[in-house]
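This report concerns only the one structure given below.
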Ligand SMILES: Nc1ncnc2c1ncn2[C@@H]1O[C@H](COP(=O)(O)OP(=O)(O)OP(=O)(O)O)[C@@H](O)[C@H]1O
Ligand SMILES: [Mg+2]
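Chains as they are written, first to last, in my numbering: chain A, 1 to 418; chain B, 1001 to 1229.
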């Protein structure tokens, strides 16, 4: 009996609410339109932002680090020459063979004193496989002067533009390096600057120097060993699955570990998200504006129905039910805005998630830094529902104040109102 | 035992420097099952009295008890329940809910009371027929004339057979025929189901139906007499 009474009353409230919101068709549509507009915008912008995170992370990784690396355990924490991978080029080749979905390139690192005629700097120099490095790193494509490395054994070096300026060298000039080999012996050599790259990353442009791996191994008495195998699976989402297969493959190689990009560059994700956090402020403003428009609408609709609410209360209906009615009305309006907004937003996002969205002005920048110029909005459910759900909740919250006004209503006074 | 006892009811309105007497020391005893007409010049306090008895308005002083229960001491929620379940109101302005049809307006209170759909429909159709609105059940208030709206409001007040009906000018917009019909119906409810009626009216013809007539002037009861209807 009590349950049936509750059901009947709920049905009544919903029906009343639905009819009530259509009493002011234009006002309801205008309010709903504000919700729809902001929902569409939020769906698209948030999906685009999530898509951008992924793209920016990927681009940052594709510059040099790679999405994952094979290293000897402990090397990442302390880069000691002797923590090396024996026959590193062969292992990289077998990874490429066994896991065709992965790009892999062997590398070796050393810290040296690099000197030109006039100047010297302490820096890192990396031995790379000229044939495989372009599959992993965008640096080879960013050489703006001269050319990238091609001969695996040549005494050549490619350096960043800032380093070239600091050392006051141009292509064709010679540089000498001094360091120590894997066995602790003295290592030195003279290399010709083959090319200068401009990556757009000040850090890499200042501190990265690449020489062919075979030459490196020779100069630093590596005996075929290296320090890391950089890996790329294409899309970031594909990385974990590929690494799982790789881990089993590496079981026979004692002491080698696979580090994913999060382990290699901790904080990268947070840094990029923080970098784009200004977007959230704009979304917040948008949501608050919509909430205020709802507040305004519902306040007006409550005020102009004072008399009617007075009558209903005089008949013995409690304010709680009327407050609920106002919340139902808002709920229905917000649901309308949510439904239409999400559908429209998802359709637009869906289109751009396959066609790609070009930020105005991105083309030039992309071409300059050897990056893709279009972003693919992330079409996942979280990205799409996040904005509209928050709008929905804030609209309901905005209706609380008008709903509470009903508790102060006195039937006789209210009935006297026009 | 009396159904309603009003003791020394006072309700004053401050209007600038002057005080308007809505109710001025009103004492009344109303037996259960009475059929009462309340009359008096405009502004004499009829509506104020009905509102006070129905628990719609607070008094400045005085006591009202209905069947031994002190209405003036009840809280808001308890008053709402009293109105919902025991009192039928007909307001001076008909005050229907504009988005509901005539039938839905009549069913509204029953629906909140939890009466089943079939029963609601049965009762509302019957009552609308009795007040002469057959065929207009699905019209919204805006599509009805003043007198028709008035009758919907009356139907809404009596449909769930409350113990007490407080009717404020229920016949103001009605022609004699409709008025006669309505009063006959009221009288029948009164005699068959012992529903107590208090009807505020300016209409001499309506007064003739009453078994007790109460006159008010300036918030005071000036005459209170029994008559044979
Ligand atoms: N909210 C109010 N503020 C000030 N004065 C009021 C208020 N409500 C009623 N009054 C005054 O109280 C007096 C009684 O009013 P009431 O409505 O009870 O009269 P009534 O007998 O019903 O009149 P009518 O026959 O015109 O309906 C009137 O003088 C009226 O002006
Ligand atoms: Mg009156």
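Each residue gets a CB set at the ideal place from its N, CA and C atoms; glycine is no exception.
- At the C-beta level, residue 1107(B) and residue 1124(B) come within 7 angstroms of one another.
- Scanning 1182(B), 1165(B), 1164(B) and 1066(B) for the CA closest to the CA of residue 1171(B) turns up 1182(B).
- Counting the other Cβ atoms within 10 Å of the Cβ of residue 1209(B) gives 16 or more, which makes it buried.
- Residues lining ligand 2 by the Cβ criterion, that is a Cβ closer than 7 angstroms to any of its heavy atoms, are 1046(B), 1047(B), 1092(B), 1168(B), 1169(B) and 1200(B) in chain order.
- Annotation for residue 1043(B) indicates a beta carbon within 6 angstroms of some heavy atom of ligand 1.
- When beta bridges are read from the DSSP output, residue 1026(B) appears opposite 1009(B).
- Listed along the chain, the chain A residues whose CB falls inside 7 angstroms of the CB of residue 1077(B) are 318.
- Residue burial is scored here from C-beta neighbours: residue 44(A) has at least 16 other C-beta atoms within 10 angstroms and is therefore classed as buried.
- According to the DSSP assignment, residue 91(A) belongs to the alpha helix (DSSP H) that extends over 88–98.
- Residue environment for residue 1070(B): exposed (fewer than 16 other C-beta atoms within 10 angstroms of its C-beta).
- The way I'd put it, the stretch 90–100 of chain A doesn't touch the stretch 195–203 of chain A; fewer than three beta-carbon pairs between them come closer than 8 angstroms.
- At least one CB of chain A lies nearer than 7 angstroms to the CB of residue 1109(B).
- In this structure, residue 289(A) lies away from residue 230(A), with their beta-carbon atoms at least 7 angstroms apart.
- In the three-state reduction of the DSSP assignment, residue 1015(B) falls in the strand class.
- Taking a beta-carbon distance threshold of 7 angstroms, residue 1084(B) counts as an interface residue toward chain A.
- At a cut-off of 7 angstroms between C-beta atoms, residue 1052(B) does not count as an interface residue with respect to chain A.
- Of the candidates 218(A), 84(A) and 133(A), 84(A) places its Cα closest to the Cα of residue 257(A).
- For the 7 angstroms CB-CB criterion, residue 264(A) and residue 65(A) form a contact.
- Assignment of residue 64(A) by DSSP, reduced to helix, strand and coil, places it in the coil class.
- Secondary-structure assignment with DSSP links residue 1021(B) through a beta bridge to 1012(B).
- Residue nearest to residue 175(A) within the set 304(A), 119(A), 147(A) and 59(A) is 119(A) (criterion: CA-CA distance).
- Here residue 210(A) is buried. Its C-beta has 16 or more other C-beta atoms within 10 Å.
- Residue 409(A) has its alpha-carbon roughly 15 angstroms from the corresponding atom of residue 324(A).
- Cα atoms of residue 1047(B) and residue 38(A): separation of roughly 50 angstroms, rounded to the nearest angstrom.
- Between residue 193(A) and residue 172(A) a beta carbon distance of about 7 angstroms is seen, short of the 8 angstroms cut, so the two are scored as contacting.
- At the C-beta level, residue 1111(B) and residue 12(A) come within 7 angstroms of one another.
- If you compare the alpha carbons of 88(A), 386(A), 402(A) and 270(A) with that of residue 322(A), the shortest gap goes to 402(A).
- Residues of chain B whose Cβ lies closer than 7 angstroms to the Cβ of residue 406(A) do not exist, since the nearest Cβ in that chain is about 12 angstroms away.
- In the assembly as shown, residue 1041(B) is an exposed residue. Its beta-carbon has fewer than 16 other beta-carbons within 10 Å.
- Assignment of residue 1216(B) by DSSP, reduced to helix, strand and coil, places it in the strand class.
- Judged by DSSP in its simplified three-state form, residue 144(A) adopts strand.
- Looking from the CA of residue 151(A), the closest CA among 213(A), 186(A) and 183(A) belongs to 213(A).
- Proximity of the beta carbon of residue 1022(B) to ligand 1 is indicated: a heavy atom of the ligand is located closer than 6 angstroms.
- Comparing C-alpha distances from residue 330(A) to each of 299(A), 342(A), 51(A) and 314(A) shows the shortest one belongs to 299(A).
- DSSP places residue 138(A) outside both helix and strand once states are collapsed to three, so it counts as coil.
- When DSSP states are grouped into helix, strand and coil, residue 357(A) belongs to the strand group.
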